[in-house]
Each structure stands twice: as C-alpha cells, then as structure tokens.
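Undergrad: Can you keep this structure in mind? I'll have questions shortly.
Residue numbers (the numbering used here), protein chains in the order written: chain A, 71 to 638; chain B, 9 to 445; chain C, 5 to 272.
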C-alpha cells in the first residue's frame, strides 16, 4: 500500500505529547509508522502548516430515520445551498441536514475521519446502516438507545444487572451497534402516553421505575460488560430553565463507580450536549448560565466526560429521541413538528429552529456552550460538538474552534447581540479571557474523544500503530493571524489521509475512501431467561418477527468488529 | 419433497406483513403454497409460477409485434436512450428493493434524469403536507399496544390493506390493549358505505370533496367554538360527538389514504388532518399515518431522501437535486412535454396515470422493467422482465411506518433472468462507458 | 436606464431554464456578453444567444437595467428570478417561476404566466396583464416564510394555492380564483375582484382577504361578525366581515386575540 511522509508540519498530538514542534509523520499500509519505516514515500510538504490526527466526533445525528425525516420534510433546507457533482464528488445537498454524501465530504473537509451516529432506534437499525454505508470516507458507528426500552425498564426495576447486560449484548449484536445510549430516560416511554419524566425521581407510567434507576442500572450493566465506551446519556429536562439541578443529579449517579474497561477509557458516564442542560432561573425571562456549577462538578470528578453542544446561531433543524422536548419546542415556535414513537424502544421528534442573535435566550445559550469549554480544567474530558444539527450544523466546528481560541472573536459576537447587556448579566462568558490553544483543541477533538470511545488504540493521535488518519491545515500558529484565519483553515483541510488512503490533495477531494462501520460484539454467558423474554415480546408485542429483526450481511459494507469478552 | 420457509415478508402492499410461510420444493425451483397471507399477498407469490411468464427482454417492432432480444441489447437500448435524452424521466421504483433504488439513483445522477415514484399519484400529496406542517406519528406496534381510538379517513383497509386491521389497528391484543377490538372505538370517514365502514362505531359519510372543511370543523370543535349547522354534509352534533370520542381516548390514531390524498385539495386535506392530530395532542396522545400502497414506495422515498434530500419528484438535470411537485412530478412533465424519454421500473403508470400521459409514454423512447405484462409494457418500446423482489430475490423494503425489513428469496427465478439490481448495474456501467468516465 | 431587448428566435424542444434573464445577471454587460450567458434545456447547457436575438447593453447596476423580452415565452422558465432592482417587460406568455424570489424592481408580463410566479417574493412589483397559474405568490415547498413584501397584480384570473404561507405584501386579482386562498397565511393582503370557490383562509393565522364576487363554500372556521364599510385602493362598498380560522392558533396583542379577516362585498 502507498507510503506517505508528511514533512515539516507543526504537529499537535496529545498522544505523543507534541505541542506544535516541527515533526514528520509517516504513513504506510494504512497505519502511522516510524519515519524510518518508509522507503519511497510520496512526500507532502506541510511546512508552515498544522498537522493533527483525524478528528473524532462522539455525537452527531447524521444517519437514520429521524435524520431522514429532517431531510424529507425540509425541502427549504436544500434551496440554493446545493453543490453540483464534480470530479469524484457526487452531488450534495442540504444545509442543516446534509445528504449522506455531503456529510462524508464536509466532515472530511474539516479533517474529521471518525463520526459516531448519536442515536439509533433498534427497530430501525437497518435504516441507520444503509445511510452510514452511503456516507463516504468516514469510519462510523451508531449508538442504539436503551433508556426507554421495555426490556431494560423491566429488568432494572428489579436491579437485574446481569440480565440487562445480556440484553445489551444481544441488542448490540442484533443492531450492529457500538455503545449504550440513553436519551431522556423513562421520559420517552412516558411520551408514548403524551407524558414525560422531568427529573431523575419521576417514575415512568406503568413501568414504575425512575430515571435514576435506569441510568444507574445501565452504568452498572455497561461496566459489567466492560464495553469500549461508557454509558452515554442525554439527561431528563433538556432545554428547561432551572434544569441544571437535574443534570447534577444525573452526574451524581456515576459517583463511586469505577470504569471496568480494557479499552483505556477512564469515564463511566459521558454526558452529551451539556449546554442544553446547564440552565438556571425558572422561566425564559430569568434564565441564566449555570455552566460554573456544572463545570465545578465535571472538573472535580474524573470519571465523567462531556461534549459541549455549542449553539452556532444558525437556522437549523432540531432532532432528538427526546420526543416530549420536541413537542414542547413546537409549542414554543409553532414550526412544523414530526414525531416518531417506536414500539417497545424509544421515540423521536424533529422541529426546525432559528437561533437568532436578536433573541436573548439564544445568545445566553451561545455563551453557556463556550463557558463549558473555557471553564474545563481537562480538555481530555471536554469535547467539541454542536449536537449536530440540534444546536447548529457540524460544518460550524471550525467556527466553534475559533471562538474557543480567540477572545476577540467572542467579543465580536457578544457585541452583535441585540440584548448584549442582559446577556452578559445572565452569563459568565464576558469575564473569561482564556484562549484555548491548538494542543487543547487536539485534546478536545481527537485524543479525548478517541479515548472516551475506547478507541485510543486506533484513533486520536499520531503514534505509530494508530490508523493512518492524518490532516494538514493551512494554518501557521507561529505567524500573526486573525481569528477568521482559524475558521478558514479548519473549514478546508489542505491534505487528508484516512486509513492511509489520500482523501484530500490541495483541498480537492480525490477519493471516496473505504469507510468502515464499527460495532461491538460482546460475549456473555448463556442467559436462557433473557432469550425467553426476547422471544415472548417479539411474539406478543412487536410487529416484526424475531427472525426479521437482526441486521445482517450487506448492510455493513466494511464491518469492523470490536470483540469484548464479558463471560468472566 | 418440500420445505417451508418461515418469516417471509410479503412484497405487495405497505402493510409489509413478515409472518408468511411459503412452501417450496427442496431444490427451491418451485413454489407451492403460501400461508398467513391475504388473498392478494398469496397471489403475489403464486403467480410467479405462471407458465406463460415473459422470461426474456423484447422489443417492439415497426409492425407492432414483439421480438425477443438479448439482455445485452436491452442494456444497450436503455443506456443509449438515457444518454441521448436531454431530460429523461425515470419512474416507478415502488415495487423493487432499496438496493435497486440506490443503483437507479446513480444512473439518474449520471444522466441528469428526473427521478419519481408512485407517490406522485398517491401519497406524494401527504409528503407535501408533511413538508408544510410535519407529522406526529409512530410505528404500527404503538398502535397495536396502545391505541384505543382508530380513525380511517378516506381509506378502505378491508380491501386495500387486508391484514392491517388484524395485525395492527383493530383486533390485536397488545401490551396495554388486552381487550382487543372491544377496547377500541373505530371511526370511519368515507362518502361510501365500505366494508371498513361496516366495522365502525361512527361512520361519517362526508360530502365528496369537502374533507378539508370537515377537518377544519373538527379543529373548531376542539377549540369549543361555534360550528355552522351542517359542514360537509355532516350535522354539527355528529362533528362534536366525533371530536369528543377522539379526545376521550388514551391514544388516537388517524389512518388515511387516497380518498383524501387525491381528492379536491390533495395535500391540503392531509395538512388539515395532521393539524387535527397536532391539536389532539393537547388533550391526549395522538398520531397519524399514511396507508402507503406499494410495498416499497416508502423505501424509495427514504433512499432519495438520504441521497438527494427529497422523497419523490427529484429533478437531477442540472447536476444537483431540485424538487417542486407541479413542475417535477411525472404527470406534469409528461403533460407539458418536458421530458424526452421514459424509463419505468417496478410500477405500472400505464394503469395508474391519466390516459393522456400514457399516450406521451407511447410516443417517446421508453423502457419498462417489470416481471409482468402490463398496460405500461404495452406502450413501451422495450420490455425487460426481472425477478420478483421478495420472492425470487431479497432486498430491503420499508413499511408504511418506515420500518425497514429485509425481504427474502424463497424460490429461484426463471433460468437466466436478471434482477432489477443486476440489470441496473449493467446499464450504469454501459452509461459510464458511453460518457467516457 | 439602459434597455436590453431579447427576442426569441428558436423554441427549445423541451423547456428553457433562463434564470439569467434578470437585471442582476445582465448588469454591467454588453449585448455579446449577455448572449453568452448560460441557459439550460434539460441537462444540456446552451447560450442565451442560441435562443434569443440580443440587442442593447445593460446598465451598470440592476437598478439601471431594463430588459424587454419578446415572443412566445411559454416554454421559458425563471424569467426575473431573484431580481433586486431594475425592470423586466415580457411581451408574450411566460412559463413557471416568473419573478420567483424577487427582491425589488418591476416585472410586467403582457400575457399569461404559468405556475409559481412570485414564489417567495420579498419586494418589488409584478404586474400580469393576463392570467396567472397556480401557486401565485406562494411559499416554496416546506417554507413557512412565504411572500414577505411587494405587490403582485393580475388583471385576469389566478389559479389555486394563491398566497400560501403569506407573511406580508399584497396580491390583487382582477378576475376569479381557484381553491385554497391564503392557506396558512400569517399576514399580507389579498384582493379578489371576481369570484372565489372554496377554502379561503384555511388554517389562516392573520392577514386580510377581500372578495368582491361570490364565494361558493365558506370555511366552517370563519364566523360572520358584522357588516362594515370599506374604502381603500379603489374598492368602496359594504362588506360582510368574517373572522377566522377559528380552528387555528392565533396571536394576542394587548390581550386581544388577532384573527384573520375575510371581507365579502355585499351586492344588491
């Protein structure tokens, strides 16, 4: 296979501990190798440029039924923002909900090479896999949702961890899923009746189990199995003023639990898009930032990781398995609302939303996300995200990086807010002068996410043996630059390699790559009770047969299985 | 000797039953029996065994007769037709698998075609409504397990989706619905006294073409406002009664079909029905679901959704995807003479389109890919028979509630017959050769 | 004001996509440069000059540019699309999307237009001395922001789906209209001087409709309030005022619910 030598770039790699020194990176046979191991490489001149490992996104809604609802029910999202086919690039469309082809190309252009689909409804897993298969270049995996699943609710009511673990292992295999995702635990099942669970002690109608029991039980089951990633949670009460207490209650469920994973992660809980969960006050009028309280907790508990969920001030499309929240949102903005409840498993909602700089609440949300990043004492545990497309489209990641790295850029945006003074009163951002540096950015977008996913043996760094995922940005950190230069450089990578194949050359996409779909195969001891429960529920309550449920064969064009042995 | 294949998915309608059992010969060459299917589904399998099936491509001659041609010649004709045309229409896609739909999409991109599916004469108007107002919906299992107020508006599942009521909507005993149909109330809105209406607790015989007004009246009733004495032929007392019946349930579901998607107002009727569902969510849990006709029209909408961003009527002629029913829909394109070649796969516009459109297909270079002889194949220049998806080849299909199920191959196709996917892959390769890419 | 004259000399065998026939695309160009602008027939690209005789140079800016298009343009789409200023005069029938997404300037058609004229209009004026097709002044599919401003005047009849999702601006129809007027509208004003059929103001949140002729079927969600005198823009008379759509949500101002208003002229 091809050999490459990326010479003379300013390397930022938290795995090797390189903080901008000039170094050469060598790729051979799909992997990073010692520079001495390449004999006749194609040389890429990276002098004056920034070199990092390929980006890793722990949470984005890019493939699956609710994403496609977002596409199909928003023709206006495609109007005038298309990119015609050219060269090897197929045609691309969609601004906030891009087509799968555009998703692959746009992530690649930003230097991202691994993207995890944040929520996969198990009954629809086949659809998620079809879309991932049609997303070029990127390695992907998808998280099946468990927090409103009838099997989980029934087992965890009696704290049956072993049975829960057996079911998780079975479902991961049946759906070819990667991790345990929990969205609005209990609340989306309540939404099956039009109700909700608004705090961790609110019992689920009929099932009579609390969100706290669900989250704690799933953490325990996840550690019982020793899965690569931790339990990944979107807590109850998203988006409501005063919800930061629910978030802290949720965080506390992880206390005292140590990770049991051979995959190198240190956390037992990953909480996603924390911005939406960091609100104080008790109504939209007095809503304020509680990012300080949130980060005080995160900073002092190293068994938690978070991603930001940064608002980008765009017109975008919200979509989440938090069905009741989406209904609440449409009642607020009166825009079109799609809802899809899934038998025995979960639900979802999709509503367009315009984050306007002239609306005080939107501006406060924008501040909160950045505060989370800037107040973090450990960038290896605080990741960049926009909960794409909920808080904004992923193509804004370079803009988020710019805001984190430049106080000037933040002040420029603050000045542009219509209610600037009220916004500053309700938040902490104006008083923060920290500027995140490129090394920390690499921690927040590469090394940190890879480690949290249990994939540090493949992604997130430039150490020999890791996958040949390398990006070169036309950005010289040692020359004077304007904040917009950061955004421009990170929006359009000069060179990109994925698994050792050159994807971008001189900013042109030159290959559709050879994407892989990662999934976790957890081996557990035989569990006849769980298998009997599964058979029974399929017979009586599901509308598809058990034999037609599992995703097999050609749906994953290039599967990559992570084996876990949980039989001890 | 025979063997029985279980968990077979029926490739006929949007109900997509997956509990069929098919008895085939040991060598899988013959199909004998079908169990659990409705009469239509059973026939879908059994008629594949017809001895007079067309098994090879054929081309219309000058004198009107058919002459058998090879698959290679059919591929050549198709590739040339598509590359010669300035704006070909590639229509159908509803009775085939997603794998074929994906290859077809690549062809469409390569030749700048307009891609359209059977929604264009069926639930396309529902899709337009969803684009304007959204859609609170769910999977069919939610109906089975929770719903106790069932409303069929402008559809007749007793005839069009025969096992729908027994598998999902009226009769099943689900997790929270142990009493089966005795715990449910059924409302039917239909100008006709149909077989479905005979099962209803309330049958509103709406005046034809006035469904939009009746739906508006329901919303007025929800808000407690005054109604005129009669709306759409229904006295206001019955409208208030229907509104209360829906509000008093724990979970209301509205199923709807062509009675409203293709009558006066079309998408507006569906829009109003979705508005009714939205309003109901202020009082109880409510959802709405279209009764999709073909077994994989939904899949076609999903595939184009993730590749192009639109579920039907997708114009690729400028190298990017554009969409606007009324302009990019098949019948408008044909009526206005805006397309210069017609490719049909997996549907029968000859039977379903206005005759004036069918004449346009006849007067153009045209190809039909279909296992059957149909009114469409009769007006096309080339007819290519292919294997039946779900019978002779597997592949993914999407149910009316968007749940994807992998159909099965239960029996071998006739010797030497291609599948849709194979044929399309050959056509795509030939097109790339012609275009020199 | 500089004038560029286009006269169609060849009809396309399908339809011509002429999104370049706008003052914005012509501004700053001479006749031969204008003739080189692209047009599309299906997937094939051609030059404007392949289908039109082009004479005259454009002004330096759109505001200083006038375009006159002559001939049978019933197979030409997108004339005047997205224009921000200047003037376009079409002497003949035109196809779809005339003046779509227009922001300013004046567009006159001396003939009929097909569907989607004035889609998503933001400003400017469109005058059609003839009939208009369906979806006049409507929103693009899925967009809750329809016509925002500007004025559309049709001397003849208009089709169905007039002013869907209208937010602002004004539409005046001299003749009759088909079904579905101002569906989902949240503002704006529509005047129909002829007869209407049904579904006026369906799901309407706010805005005004005036009808001088008959209405076949009134929406059940519109309730008669009272008779009023109207005197505006040359329309003078006694009108019955209806408010609605009572089935739809409505906003409050100063504690009062604001309904959409439908005025029907009372004739002896």
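From the three backbone atoms N, C-alpha and C, an ideal C-beta is built for every residue, glycine too.
Here the structure is a predicted model, which is why all the values come from computation and not from measurement.
Put residue 341/A into one of helix, strand or coil per three-state DSSP.
TA: strand
Undergrad: Check distances from the C-beta atoms of the segment 179-209 of chain C to those of chain B and list, in chain order, the residues that come in under 9 Å.
TA: 183, 184, 187, 188, 202, 203, 206, 207
Undergrad: What residues in the segment 399-414 of chain B have a beta carbon less than 9 Å from any beta carbon of chain A?
TA: The residues in question are 404, 406, 407, 409, 410, 411, 412, 413, 414.
Undergrad: What are the start and end residues of the beta strand (DSSP E) that includes residue 214/A?
TA: 209-214
Undergrad: Is the segment 330-337 of chain A touching the segment 360-370 of chain A in the sense that three or more CB pairs, one from each, lie closer than 8 Å?
TA: no
Undergrad: Between which residues of its own chain and residue 16/B is the CB-CB distance below 7 Å, once the five residues before and five after are set aside?
TA: 28, 29, 30, 416, 418
Undergrad: Please report the distance separating the alpha-carbon of residue 48/C from that of residue 42/C.
TA: 10 Å
Undergrad: Since residue 241/C meets chain A, which of its residues come closer than 9 Å, beta carbon to beta carbon?
TA: None at all; the shortest Cβ gap to chain A is about 35 Å.
Undergrad: For residue 211/B, is the classification buried or exposed, using 16 other Cβ atoms within 10 angstroms of its Cβ as the cut-off for buried?
TA: buried
Undergrad: Using the DSSP secondary-structure output, state which residues sit across from residue 143/B in a beta bridge.
TA: 408/A
Undergrad: Using 8 Å for Cβ pairs, my map puts residue 117/C next to residue 69/C. What's the rounded Cβ distance?
TA: Beta-carbon to beta-carbon, residue 117/C and residue 69/C are separated by about 21 Å, too far to satisfy the 8 Å threshold.
Undergrad: So residue 111/C packs on residue 92/C, CB below 8 Å; how close in whole Å?
TA: 5 Å
Undergrad: Is residue 186/A close to chain B, meaning its C-beta is less than 7 Å from at least one C-beta of that chain?
TA: Not one chain B Cβ lies under 7 Å of residue 186/A.
Undergrad: Mind listing, in chain order, the continuous beta strand (DSSP E) runs of no fewer than 3 residues lying wholly within the segment 363-425 of chain A?
TA: Listed in chain order, the complete beta strand (DSSP E) runs (minimum 3 residues) inside the segment 363-425 of chain A are 374-377, 385-390, 407-411, 419-424.
Undergrad: List, in order along the chain, the chain B residues whose C-beta lies closer than 9 Å to that of residue 28/C?
TA: The premise fails here: residue 28/C is roughly 19 Å from chain B at the closest Cβ pair, so nothing lies under 9 Å.
Undergrad: What do you reckon, are the CB atoms on residue 161/A and residue 168/A nearer than 7 Å?
TA: Result no, Cβ atoms of residue 161/A and residue 168/A do not sit closer than 7 Å.
Undergrad: Which parts of the segment 81-116 of chain B are runs of the beta strand (DSSP E), unbroken and 3 residues or longer, counting only runs that do not cross its ends?
TA: 96-100
Undergrad: Can you give the Cα-Cα distance for residue 228/C and residue 234/B, rounded to whole angstroms?
TA: 11 Å
Undergrad: Mapping the DSSP letters down to three states, classify residue 174/A as helix, strand or coil.
TA: Looking at residue 174/A - three-state DSSP - the assignment turns out to be helix.
Undergrad: Does residue 607/A come out as helix, strand or coil in the three-state DSSP assignment?
TA: Residue 607/A falls in the helix class under three-state DSSP.
Undergrad: Show which residues of chain C have a CB atom less than 7 Å away from the CB atom of residue 405/A.
TA: 148
Undergrad: Quick check on residue 255/C - is its C-beta less than 7 Å from some C-beta in chain B?
TA: no
Undergrad: Using CA atoms only, rank isn't needed, just tell me which of 160/B, 125/B, 36/B is closest to residue 337/B.
TA: 125/B
Undergrad: Determine the DSSP secondary structure at residue 245/A, reduced to helix, strand or coil.
TA: DSSP places residue 245/A in helix when its eight states are reduced to three.
Undergrad: Threshold first: 4 residues or longer. Then list the alpha helix (DSSP H) segments lying entirely within the segment 178-210 of chain A, N to C.
TA: Those alpha helix (DSSP H) runs which fall completely within the segment 178-210 of chain A and span 4+ residues are 195-203.
Undergrad: Check whether the Cβ of residue 168/A lies closer than 7 Å to any Cβ atom in chain C.
TA: Not an interface residue.
Undergrad: With which residues is residue 225/A paired in a DSSP beta bridge?
TA: Beta-bridge partners of residue 225/A (DSSP): none assigned.
Undergrad: Please determine, among 552/A, 568/A, 511/A, the residue with the shortest C-alpha to C-alpha distance to residue 446/A.
TA: With distances taken between Cα atoms, residue 446/A lies closest to 511/A.
Undergrad: Should residue 145/B and residue 410/A be called a contact, given that it needs their Cβ atoms to be closer than 7 Å?
TA: yes
Undergrad: Let me know the secondary structure DSSP gives residue 566/A once reduced to three states.
TA: strand
Undergrad: Give the straight-line distance between the Cα atoms of residue 283/A and residue 226/A, rounded to the nearest whole angstrom.
TA: 7 Å
Undergrad: Over what stretch of residues does the beta strand (DSSP E) that includes residue 105/C continue unbroken?
TA: Neither: residue 105/C is in no beta strand (DSSP E) and is coded neither H nor E.
Undergrad: Can you give the Cα-Cα distance for residue 304/A and residue 506/A, rounded to whole angstroms?
TA: 26 Å
Undergrad: How would you label residue 424/A, buried or exposed, when you count the other beta carbons within 10 angstroms and need 16 or more for buried?
TA: exposed
Undergrad: Counting only C-beta atoms, is residue 271/C closer than 7 Å to chain B at any point?
TA: It does not; no Cβ of chain B falls within 7 Å.
Undergrad: In angstroms, rounded to a whole number, what distance separates the CA positions of residue 593/A and residue 417/A?
TA: 28 Å
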